[in-house]
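A.B. asks: Residue numbers (the numbering used here): 146 to 630. No residue lacks a Cβ here, since even glycine has one placed at the ideal position from N, Cα and C. Dropping the structure in here first, questions after.
This is the structure in structure tokens:
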């Protein structure tokens, strides 16, 4: 008795459906455990940094606006559009997304259409023969052991890591912009200070020269005053070079050639050090893009173990063909010419001298390595925040003390200059007092920009400005694609 083909095919399809629903050889992914401290060790010392919930405004968004500088705000917008490192990260993310789509396509059957036509004849025989054919081919490798789903999961994790890398590139670029911009503005303030100082040194030089010409002071006083004046002018030239270099760096960050970019100098600089909300340490794991990228790398490595293990098991391929062939074109699509075929093939490795086992061991080792890198990234992040908290506290205290010292140095300078005019002290004392006063003023300005740089570093350390919406989108996508549709 002949068994109908339909009765043979149905059990095979049913068995495959059962296997697809329950077979998977990859280990279930579990996020690596991390011991997170309850509080920041240096939080109490960092004046101005207050506790906050993870949902505070710093968790995502335009963190640079906390500094209240319109010039910085405008440049930050340009960085996000034109910075080439960010553009490269965007392209990498698009590439990763395309790879996800490619891997997902492997879950579904392939369908192809082919055709042929041929004519032949013989010069000695006046007969021409011809034939034509059209066929529709279908093939499917069912994901019985879950290796294709693991490949999709790995690609998704890598795409999510690319999204985190993109966020890290934005955070790094804007952070570098902010520190460069603040340094440039500090240079503007120092240039104004040096201009005022040079003007004062010019007056002192005039006084010394007048006293020398009147015969009441030695020529050495004039030479000392001249030396101090010329050195101050040289320092201004060097400082202008520093400002120009910073301006060139900012131009590159915003995607412009230095020759096509210019920042006008400010006549007054009022640096702002914002009081940024300081979340509990565990929120750092949700906010820093480098940590998210490292964690997604662990998930991708975990999926690779399943892909390697699937080689232990047989692979099945289902193929089907339906077509027609005829010696005459007019008969090509007639029912008697239709043919079809259905096939099921299986393959199994019987001996490979341990090659599959070696690949599995390699995948496990790669997973362990990614776990170690993830944990090291977290520890480094905690260290970075603690360092920035310490710097924030120390710089705030230093600025207060240096301001006090600067006020005292200014008074000392004026007193020595008055006493010199009265002939009570030598000009060497005046030079010393003036040098100390200038150094104190410049130190205050440098501490102000250092405090701003520390604020930027702390915001970066906390993952500020990172928009984590991609995580929610990725989770939704993972749920939607957990099984083939």
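1. What are the partner residues of residue 487, as DSSP defines its beta bridges?
2. With distances taken Cα to Cα, identify the nearest neighbour of residue 603 among 532, 294, 576 and 579.
3. Count the other CB atoms within 10 Å of the CB of residue 436; is the residue buried (16 or more) or exposed (fewer)?
4. Considering residue 214, what are the terminal residues of the alpha helix (DSSP H) in which it resides?
5. Residues in the same chain with beta-carbon distance under 7 Å from residue 605, minus the five sequence neighbours each way, listed in chain order, please.
6. My guess is that residue 323 and residue 601 are in contact by the Cβ rule of under 8 Å, so how many angstroms apart are they, rounded?
7. What would DSSP say about residue 279, mapped onto helix, strand or coil?
8. Quick one, are the C-beta atoms of residue 552 and residue 565 less than 8 Å apart?
9. Using DSSP's beta-bridge definition, name the partner residues of residue 255.
10. Sort out for me which residues DSSP pairs residue 609 with in a bridge.
11. Could you tell me how far apart the beta carbons of residue 343 and residue 374 are, in whole angstroms, since I believe they sit closer than 8 Å?
12. Label residue 287 either buried or exposed according to how many other C-beta atoms from any shown protein chain fall within 10 Å of its C-beta, with 16 as the threshold for buried.
13. Please determine, among 386, 180, 306 and 311, the residue with the shortest C-alpha to C-alpha distance to residue 521.
14. Let me check understanding here. Comparing Cα to Cα, which of 231, 257 and 293 lies closest to residue 244?
15. Kindly identify the DSSP beta-bridge partner or partners of residue 260.
16. Decide yes or no for the touch test of the segment 446 to 459 against the segment 500 to 513: beta carbon pairs closer than 8 Å, at least 3 of them.
17. Under the three-state reduction of DSSP, which class applies to residue 460: helix, strand or coil?
18. Buried or exposed, going by whether 16 or more other CB atoms sit within 10 Å of the CB of residue 214?
19. If we ignore side chains and look at the alpha-carbon of each, how far apart do residue 583 and residue 415 end up?
20. Given a cut-off of 8 Å on the beta-carbon distance, is the pair residue 426 and residue 208 in contact?
21. Within the same chain, show all residues whose beta-carbon is closer than 6 Å to that of residue 163, passing over the 5 residues directly before and after it, in chain order.
22. Kindly list the residues whose CB is nearer than 6 Å to the CB of residue 284, restricted to its own chain and excluding five residues on each side of it in sequence; keep chain order.
23. By a C-beta neighbour count over all protein chains shown, 10 Å radius and 16 as the cutoff for buried, is residue 361 buried or exposed?
24. Report the residue ranges of all alpha helix (DSSP H) runs contained in full by the segment 229 to 255; include only those spanning at least 4 residues, in chain order.
25. Have a look at 590, 296, 579 and 444 and flag the residue whose alpha-carbon is nearest the alpha-carbon of residue 348.
C.D. replies: Quick answer:
1. Under DSSP, residue 487 forms a beta bridge with 465.
2. Nearest Cα to residue 603 within the set 532, 294, 576 and 579: 532.
3. Burial check for residue 436: the Cβ neighbour count within 10 Å reaches 16 or more, so the residue is buried.
4. It is not in any alpha helix (DSSP H) - residue 214 carries neither H nor E in the DSSP assignment.
5. Spatial neighbours of residue 605 in its own chain (CB-CB distance under 7 Å, excluding positions within 5 residues in sequence) are listed in chain order as 316 and 320.
6. 5 Å between Cβ atoms; contact.
7. The answer is strand: DSSP assigns residue 279 an E or B state.
8. No. Outside cutoff.
9. The partner list for residue 255 (beta bridge, DSSP) reads 284.
10. In the DSSP assignment, no residue is bridged to residue 609.
11. Taking C-beta atoms under 8 Å as the contact rule, residue 343 and residue 374 qualify, at a distance of about 7 Å.
12. Its Cβ being crowded by 16 or more others within 10 Å, residue 287 is buried.
13. Answer by Cα proximity: 180.
14. Of 231, 257 and 293, the residue nearest in Cα terms is 293.
15. Residue 260 is bridged to 279.
16. Contact between the segment 446 to 459 and the segment 500 to 513 is present, because at least three Cβ pairs lie under 8 Å.
17. Under the three-state reduction of DSSP output, residue 460 falls in the strand class.
18. It counts as buried.
19. Answer to the nearest angstrom: the Cα atoms are 19 Å apart.
20. No.
21. Low confidence applies to residue 163: its pLDDT is 44, below 50, so where it sits in the model is not reliable enough to give any reading.
22. For residue 284, same chain residues with a beta-carbon under 6 Å away, outside a window of 5 residues either side, are 255 and 464 in chain order.
23. When all chains shown are included, residue 361 counts as exposed.
24. 229 to 250, all fully within the segment 229 to 255.
25. Comparing alpha carbon positions, the residue from 590, 296, 579 and 444 closest to residue 348 is 579.
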